[in-house]
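These notes are about the structure you will find just below.
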């Protein structure tokens, strides 16, 4: 039996306010572990949109690996990629873009090169470069369905900005590697572990909440009119910013603790539970 819990009922007026926009993370929220879109989630998004509610993708992914989800769902809302760095409609000029400078990339890469893993850089929203394929990353092209360019020389010859820098290694190495990077680079950048085998580095202050706020500003939607759903540490700011923050059932305890709603896990196609919540919110506010 699926579970649906109000994590902090004392902090959230019941029933919940109906959303004008539903912000969804991709990996572990909308997409499963195989990077596939479950039919149940596709149907849930279609129902949400049929209620006049906007749906926005807010992800750490580049547009390169996000576009197909946006297209399959038939969305027309702007996308938030790279954990808030880039906001825009695919194929159009961005509404916001806060990429790392060339000097920033060199400083970050100099630190990460001392660690045992793979370094990824993104010279644009449609390109993914990696300095080497490892046992952990060699299947990424197949998993994400895109071309990932291997360029060992990028560690010394990199030029231009990058939307983010990502470091990938075996899960047991990530906490130590992240701590070393934070110690070496201090508070010059925002760093976050987005999955168990990777952490990502952006400009300071740039988070999913930052990108989502800019998207909502363009659309004329207030934070209190947003429901946001995620499952990992890089969703924390977005869940805290939204009027209703929802954590997936498999999310870390720290994320669940700050969410108003805990949905079933991705393994249970937990987004399905949103329909009952939204229907209750609509009914309580006089909507059919």
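Numbering (my numbering), first residue to last: 55 to 342. All residues carry an ideal CB built from backbone N, CA and C; glycine is no exception. Treat the numbers as computed from the prediction; the structure is a model and nothing was measured.
Taking all protein chains shown into account, do 16 or more other C-beta atoms lie within 10 angstroms of the C-beta of residue 146, making it buried, or fewer, making it exposed? Under this definition residue 146 is an exposed residue.
For residue 265, which residues in the same chain have their Cβ closer than 6 Å to its Cβ, ignoring the five residues on either side in sequence? Only 134, 138, 141 meet the Cβ criterion.
Beta carbon of residue 144: closer than 6 Å to some heavy atom of the ligand NAD? Among the components modelled here there is no ligand, and therefore nothing to report on the ligand NAD.
Start-to-end residues for the alpha helix (DSSP H) that takes in residue 141: Premise fails: residue 141 lies in the beta strand (DSSP E), 140 to 142, not in any alpha helix (DSSP H).
Three-way DSSP call (helix, strand, coil) for residue 269 in this model: If DSSP states are grouped into helix, strand and coil, residue 269 belongs with the helices.
Rounded C-alpha distance that separates residue 255 from residue 149: If you take the alpha carbons of residue 255 and residue 149, they lie about 21 Å apart.
Relative to the alpha-carbon of residue 161, which residue among 177, 171, 189, 212 has its alpha-carbon at the smallest distance? Considering only alpha carbons, the answer is 212.
What's the C-alpha gap between residue 143 and residue 243? For the pair residue 143 and residue 243, the Cα-to-Cα distance works out to about 26 Å.
Please report how far the alpha carbon of residue 57 lies from the alpha carbon of residue 220, in whole angstroms. Any reading at residue 57 must be qualified, since the residue scores a pLDDT of 43, below 50, and its modelled position is unreliable; no value is offered.
At what residues does the alpha helix (DSSP H) containing residue 166 begin and finish? Element bounds for residue 166: 156 to 166.
Residue 316 CB to nearest chain C CB: under 7 Å? Among the chains in the structure shown there is no chain C, since it carries only a single protein chain.
Which word fits residue 126, buried or exposed, when buried means at least 16 other C-beta atoms lie within 10 angstroms of its C-beta? Under this definition residue 126 is an exposed residue.
What separation, rounded to the nearest whole angstrom, lies between the Cα atoms of residue 194 and residue 202? So the alpha carbons of these two residues sit roughly 8 Å apart.
Helix, strand or coil at residue 193 [DSSP, three-state]: Correct three-state label for residue 193: coil.
Option in 87, 104, 101, 136 with minimal Cα separation from residue 111: A check of alpha carbon separations from residue 111 across 87, 104, 101, 136 identifies 136 as the nearest.
Can you have a look at residue 171 and say buried or exposed, based on whether 16 or more other CB atoms are within 10 angstroms of its CB? Per the 10 Å Cβ criterion, buried.
Between the C-alpha atoms of residue 29 and residue 75, what's the straight-line distance to the nearest angstrom? Any question about residue 29 goes unanswered here, given that the chain covers just 55 to 342.
Three-way DSSP call (helix, strand, coil) for residue 248 in this model: Reduced to three states, the DSSP call for residue 248 is strand.
How many Å lie between residue 334 and residue 328 at the Cα? The alpha-carbon atoms of residue 334 and residue 328 are separated by roughly 10 Å.
Output needed for residue 336: all residues of its chain with C-beta closer than 6 Å, excluding positions within five of it in sequence on either side, in chain order. Excluding residues up to 5 positions away in sequence, 72 lie with their Cβ nearer than 6 Å to the Cβ of residue 336 in the same chain.
Would you give the residue range spanned by the beta strand (DSSP E) that residue 333 belongs to? Where residue 333 is concerned, there is no enclosing beta strand (DSSP E), although the alpha helix (DSSP H) it sits in stretches over 328 to 338.
Three CB pairs or more closer than 8 Å across the region 307 to 316 and the region 99 to 110: Touching, no, given that fewer than three Cβ pairs across the two stretches are closer than 8 Å.
What's the gap between the Cα of residue 208 and the Cα of residue 215? For the pair residue 208 and residue 215, the Cα-to-Cα distance works out to about 13 Å.
Determine, using beta carbons only, whether residue 94 and residue 323 come nearer to each other than 7 Å. Judged by beta-carbon spacing, residue 323 lies within the 7 Å limit of residue 94, meaning their Cβ atoms are closer than that value.
Distance, Cα to Cα, residue 332 vs residue 159? Approximately 43 Å between the Cα atoms of the pair.
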